[in-house]
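Here the protein sequences line up with chains C and P, keeping their order.
So the first sequence is numbered by my numbering: it starts at 7 and just counts up by one.
So the second sequence is numbered by my numbering: it starts at 275 and just counts up by one.
Idealized CB from N, CA, C, for every residue including glycine.
Model, not experiment: these values are computed from the prediction.
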Amino acid sequence: FSTFAGEPKWAKKVLKYRILNYTPDLHPADVDAAIKKAFNIWSSVTPLKFIKEERDHADIMISFAARGHNDFIPFDGPGGAVAHAYAPGRDFGGDAHFDEDETWTISTEGTNLFYVALHEFGHSLGLFHSKDPEALMYPIYRKFDPSVFPLHQDDINGIQHLYGRSPNTYSDQRESAEVKEPDEPKEPALPDTCSPDLTFDAVTTFRGEIMFFKDTHFWRKHPSVRAVDVGLISSFWPRLPPGVDAAYEVPEKDETVLFKGNEFWVVRGDRILPGYPQKIYVLGLPKDVTKIDAAFYNRNKGEIYFFIVDKFWSYNKRNRSMDRKPRQIREAFPGINGKIDAVFQHKNFFYFFHGRKQFEFDPGKKRVTRLLKTNFWFRC
Amino acid sequence: FPADMRQKKEEGIQFIQIYLENYYSFTKDGESAFIWKNNSPITKKIKEMQEFLGLEVTGKLDSNTLDLIQQPRCGFPDVAG
């Protein structure tokens, strides 16, 4: 990534944008939605918030125009330059202009307004063109692919270099909620950590902490610190789809593996390693396995366990071999019956989550030593 | 047939000249700029552009280069003027 000379950026975290006119190619509501969606993407990875201004001057003024339009860079008819925007600053700083001679769409045909706007707003926020052909800020537009999160890690590194990350403590989100427009869709309400009905999608250790995944959010907690941190999964790993099925950490490699459906990602901190997602079959699991319920890395034995319904496979990292056949969970872990939601290792115990229950299992004695509530770790 | 090739080549040169002026702060200072030698201004600029866009750096108007620069793009320059 690169920034403009002198690294101009907005000093404030709440910015106003105004749409001065509309292209006849699209319904105004579609233009509003595409512009709003573009700003929301930048919000999801920075502390920045954007408010739509209807009448007065705004930081980012958005307009559609053809050919010469009162600045030094006239447009050039269909194709060629499709839009441009200016670095943060007063007057026309931050403004974004879209070439009316393009055919603006909200589909993959023509020129997708959301995708172009996302790039141009990158300039409005201070990013310059990137040399990375995969980056959104690469100057040449590729066909828009709605199935892929549009920000590349290069873009996220760039914008967070200028503004830092998005806030990931719940209180921050609540504060920022004050400045949102009333009609902005609310984030899914987080379950109460002390509710007796609390269940998890996945649990893993994570750099000395424990990470509990639930729908679009996660809780992070250090075993010996009372405070609990909460955040959006997408703010940590924007390219991950919502919801995590299973997760495990290999501490000595500082790598955490996250599973969703028949794919998995390997992350290091908040960075998804290149080459992911991959299909779970490359791990050696059979083709009829489409989803993993839970997984954990047994540090003592150097084995990774994959739990599916009432069976599990184990993969031995040292001799790189996967079980040919699955085994019954209750045979290897007496007292643990049926499908499990999540599992992780803490010190010398394994903690299995099944609905509203949590089983502390002693692998040495091969038996359950305590029956706990799922919210045991949250000091309710 | 040779005439068509020549015309195409001239169109290509004209296109790349405008592209370099718009996005790579290329300034045309007389005919010497267009002498296609290895160290001529335009060859240097084409190399700079190819390097920025991740193309093979040939300094020539090869088909890959011509294909890419004819794609839609952001109107902001790649090199600060």
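Query, Result
"Whole-angstrom distance between GLU60(C) and ALA391(C), CA atom to CA atom", "Beyond the ends of chain C as shown, which are 7 and 386, falls residue 391(C); an answer cannot be given."
"Min CB distance LEU327(P) to chain C below 8 Å", "yes"
"GLN345(P): contacting residues in chain C (beta-carbon distance under 7 Å)", "ILE146 and TYR147"
"Contacting positions in the stretch 121 to 152 of chain C - beta carbon closer than 9 Å to chain P", "VAL122, HIS125, GLU126, HIS129, PHE134, HIS135, LYS137, ASP138, PRO139, MET143, TYR144, PRO145, ILE146, TYR147 and ARG148"
"Residue from PHE265(C), ARG277(C) and GLY275(C) whose Cα sits closest to the Cα of VAL288(C)", "PHE265(C)"
"Pair within 8 Å by beta-carbon distance, PHE127(C) and PHE45(C)", "yes"
"Among VAL272(C), THR210(C) and ALA87(C), nearest to PRO229(C) - alpha-carbon criterion", "THR210(C)"
"Inter-residue spacing [alpha-carbon to alpha-carbon] between THR175(C) and TRP225(C)", "Residue placement at THR175(C) is poorly supported in this model, since its pLDDT is 38, which falls under 50; the coordinates still yield a value, given next. Taking the straight line from one Cα to the other gives about 10 Å."
"6 Å Cβ shell around TYR321(C) - same chain, five flanking residues per side excluded", "ILE310 and MET328"
"LEU133(C) in three-state terms, based on DSSP", "strand"
"Cβ-based neighbour list, GLN351(C), same chain, cut-off 6 Å, excluding 5 preceding and 5 following", "PHE302"
"Residues near GLU190(C) by beta carbon distance below 8 Å, same chain, minus five either side", "Note that GLU190(C) scores a pLDDT of 46, beneath 50, so its modelled location is shaky; the value from the coordinates is reported in the next line. For GLU190(C), where only same-chain residues beyond five positions count, there are no Cβ hits under 8 Å."
"Neighbour flag for VAL88(C) against chain P, beta carbons, 8 Å", "yes"
"Local conformation of ILE292(P) per DSSP, three classes", "helix"
"Beta bridge counterpart(s) of ASN118(C) as assigned by DSSP", "THR111(C)"
"Within 8 Å, strictly: CB atoms of GLU269(C) and PRO292(C)", "no"
"Under 8 Å by beta carbon: chain P residues contacting THR296(C)", "Near THR296(C) there are no residues of chain P at all, since even the closest Cβ is about 37 Å away, more than 8 Å."
"Per-residue contacts from PHE81(C) into chain P (C-beta, under 8 Å)", "GLY349"
"Per-residue DSSP class, three states only, for TRP16(C)", "coil"
"Environment of ASN325(C) [buried if 16+ CB atoms lie within 10 Å]", "exposed"
"Contacts around VAL256(C), its chain only, beta-carbon distance under 6 Å, and the 5 residues preceding and following it disregarded", "TYR303"
"Simplified DSSP assignment, three categories, for MET67(C)", "strand"
"Reduced DSSP secondary structure (H/G/I, E/B, other) of ARG347(P)", "strand"
"Any C-beta of chain P under 8 Å from that of THR175(C)", "Only weak support exists for where THR175(C) lies, its pLDDT of 38 falling under 50; the coordinates are left without a value."
"Euclidean distance between Cα positions of VAL349(C) and ARG96(C)", "53 Å"
"Distance CB(ILE68(C))-CB(ILE25(C)) smaller than 8 Å", "yes"
"Buried versus exposed, by CB contacts within 10 Å (16 or more), GLY349(P)", "buried"
"Contacts of LEU342(P) in chain C (Cβ-Cβ under 7 Å)", "ILE146"
"Cβ-based neighbour list, PRO332(C), same chain, cut-off 8 Å, excluding 5 preceding and 5 following", "ILE314, LYS317, PHE318 and TRP319"
"Alpha helix (DSSP H) segment containing HIS167(C), residue limits", "159 to 169"
"Sub-8 Å separation of LYS43(C) and PHE120(C) beta-carbons", "yes"
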